[in-house]
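Student:
Residue numbers (the numbering used here), protein chains in the order written: chain S, 1091 to 1431; chain X, 11 to 199.
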């Protein structure tokens, strides 16, 4: 049994649908993976959900999906088979509802692919199956017994929101009412997008794409009428560092500070990221205040997730989008800069 | 001067450490170039030095398990990206080192673990790491599944051992409460 890592091959879609890659998704059911931190940033979810609905795509979320559990795996609080079983449980649930899984968080994306990768190791695969078997025996949910198996030939394919949006970028641009008016924008990709090994080495050898600069966010900034600005700490971590900011706040905020300072030094008006965890770390007001306390400088550059920015540029008037910007001073500030004449 | 001699190579520790040698099969080929350290965020803020850690592992020096620095790794995977060799997966090696350190009761610090109590509670009762998630969390009747998967996991002991959880039944009480609330909600509708 060969267990693939479920990544959607976007280069293949680009090749088969050169005119309009959106066509590939038209007859597919798309599911949005629910990232825990979307609680703080609902615009990350609703921004893309509204866009997909406008583009007439079939989009859902899965009520029975749990957290990816990456946080606990990274701190050794669950084992590899338990991590892989949580992952497989989520994938089982989503697989029978959808064809494509869109992921807005680098952490969740890494977890989903990593959990699947672990199943390539025979000992982990056996233990994961044992965990799932136990689940069948001991759980009393209405769909038991016999619900979860290791997925042998799942139809589901996974894609990061950034890669998906970049695939359909021409269609995205067609929905926009506003532009970035030449604003200088710094990008922060986040480690688990930037450093993903799965792009570097595969069973089939090295992939060129890993060694090429990742520039999809810069492409978006140009398309949106902004100016991407390079800065020294472009590829450094946001400071989250697998919860280091929770455990060693002062030390981790030093990494955050160095990044923000580097952004400020090049005169960027805002920071654009494709990850809600990085958004939380870089943008949380308490973090900015603590940076002032620990390192003597307050840095005011706002940060926004790509999905939120697209909602603003679309001038989305759906109640939930309007509520998001009204309730969040961070987003409202960027909204005012972009929309006021 | 190197504190080890050529006769100090001892791969027993390394072989016992990695669950599947394939994922780190080339770590014995580490050329000690230090690129990983140069790009490492943890090295900027602590004494975490993965080059030295790898040397200790390959020399069979188990004192590395007691070093608090192994808990500073950001798991950002930058080292993996810049490493000139293939088949070296430093983040997963660090996770294995931490596992072994846990098993031997060396680390992490108790205070660090207590910071996970609330997240553990939310995960085992809501299915997410935050309270009041955007969509209300995993339905309570499905929570048993997560708890069953996490049986005997450290996440449960972290929660159980915490002062915030007077007894372990708290998880089940919270889930039962959520079930009750859900039933009432359905009745009202």
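Beta carbons: idealized from backbone N, C-alpha and C, even for Gly.
Should residue 1243 of chain S go down as buried or exposed, given a rule of 16 or more other Cβ atoms within 10 Å for buried?
Tutor: exposed
Student: Taking 8 Å as the threshold (beta carbon to beta carbon), is residue 145 of chain X in contact with chain S?
Tutor: yes
Student: For residue 1398 of chain S, count the other beta carbons within 10 Å of its own beta carbon; 16 or more makes it buried, fewer makes it exposed. Which is it?
Tutor: It counts as buried.
Student: What residues from the segment 130-141 of chain X come within 9 Å of chain S, judged by C-beta to C-beta, listed N to C?
Tutor: 130, 132, 133, 136, 137, 138, 139, 140, 141
Student: Under 8 Å between C-beta atoms, does residue 160 of chain X make it to chain S?
Tutor: It does; some Cβ of chain S falls within 8 Å.
Student: Nearest by alpha-carbon distance to residue 78 of chain X: which of X/52, X/18, X/34 is it?
Tutor: The option with the nearest alpha carbon to residue 78 of chain X is X/52.
Student: Give the residues of chain X in contact with residue 1126 of chain S, contact being defined as C-beta atoms less than 8 Å apart.
Tutor: Here the neighbours are 138, 139, 140, 143.
Student: For residue 1161 of chain S, return the contacting residues in chain X, with the cut-off set at a CB-CB distance below 9 Å.
Tutor: Neighbours of residue 1161 of chain S on chain X, chain order: 126, 129, 133, 139.
Student: 8 Å is my cut-off, CB to CB: does residue 1139 of chain S come that close to chain X?
Tutor: no
Student: By the 10 Å Cβ neighbour count, where 16 or more other Cβ atoms means buried, how is residue 1124 of chain S classified, buried or exposed?
Tutor: Per the 10 Å Cβ criterion, buried.
Student: Whose C-alpha, out of S/1363, S/1368, S/1382, is nearest the C-alpha of residue 1351 of chain S?
Tutor: Residue 1351 of chain S has its Cα closest to that of S/1382, out of S/1363, S/1368, S/1382.
Student: Cutting at 7 Å between CB atoms, please list the residues of its own chain near residue 1225 of chain S, excluding the five before and the five after it.
Tutor: 1238
Student: With 16 as the cutoff for other CB atoms within 10 Å, does residue 132 of chain X come out buried or exposed?
Tutor: By the neighbour-count rule (16 or more Cβ atoms within 10 Å), residue 132 of chain X is buried.
Student: For residue 46 of chain X, which option in X/38, X/35, X/60 has the closest C-alpha, if you only look at C-alpha atoms?
Tutor: X/60
Student: Which two residues bound the contiguous beta strand (DSSP E) that contains residue 1151 of chain S?
Tutor: 1148-1151
Student: If we define contact as Cβ-Cβ less than 8 Å, is residue 168 of chain X a contact residue for chain S?
Tutor: yes
Student: Can you give me the C-alpha to C-alpha distance between residue 1310 of chain S and residue 1262 of chain S, rounded to a whole angstrom?
Tutor: Rounded to the nearest angstrom, the two C-alpha atoms are 10 Å apart.
Student: By the 10 Å Cβ neighbour count, where 16 or more other Cβ atoms means buried, how is residue 1260 of chain S classified, buried or exposed?
Tutor: exposed
Student: Under three-state DSSP, which class holds residue 74 of chain X?
Tutor: helix
Student: Helix or strand or just coil, what does DSSP make of residue 1121 of chain S?
Tutor: strand
Student: Check whether the segment 69-87 of chain X touches the segment 1133-1143 of chain S, counting contact only when three or more Cβ pairs, one atom from each stretch, lie closer than 8 Å.
Tutor: no
Student: With a cut-off of 8 Å, does the C-beta of residue 1166 of chain S fall near any C-beta of chain X?
Tutor: yes
Student: List the residues of chain X whose Cβ lies closer than 9 Å to the Cβ of residue 1221 of chain S, in chain order.
Tutor: 158, 159, 161
Student: On the CB-based measure, 16 or more other CB atoms within 10 Å of its CB, does residue 1430 of chain S come out buried or exposed?
Tutor: exposed
Student: Can you list, in chain order, the residues of the segment 1327-1339 of chain S whose Cβ is nearer than 9 Å to any Cβ on chain X?
Tutor: Residues passing the 9 Å Cβ filter: 1327, 1329, 1330, 1331, 1332, 1333, 1334, 1336, 1337, 1338.
Student: May I ask you to list the residues that DSSP assigns as paired with residue 1395 of chain S?
Tutor: Residue 1395 of chain S pairs with S/1363.
Student: Which chain S residues sit within Cβ distance under 8 Å of residue 73 of chain X?
Tutor: Going along chain S, no residue has its Cβ under 8 Å from residue 73 of chain X, so there is no contact; the nearest lies around 19 Å.
Student: Looking at chain X, is there any beta carbon in it that lies within less than 8 Å of the beta carbon of residue 1306 of chain S?
Tutor: no
Student: My output table needs one value for residue 1282 of chain S: the three-state DSSP class, helix, strand or coil.
Tutor: helix
Student: For residue 183 of chain X, decide whether its Cβ has a neighbour in chain S, counting only Cβ atoms nearer than 8 Å.
Tutor: By this cut-off, residue 183 of chain X is not an interface position.
Student: Indicate the three-state DSSP secondary structure (helix, strand or coil) for residue 1340 of chain S in the structure shown.
Tutor: The three-state secondary structure of residue 1340 of chain S, taken from DSSP, is helix.
Student: Is the beta carbon of residue 1168 of chain S sitting closer than 8 Å to the one on residue 165 of chain X?
Tutor: yes
Student: By Cβ distance, which residues of its chain are closer than 8 Å to residue 58 of chain X, with the 5 residues on each side in sequence left out?
Tutor: 50, 52, 79, 80, 82, 83
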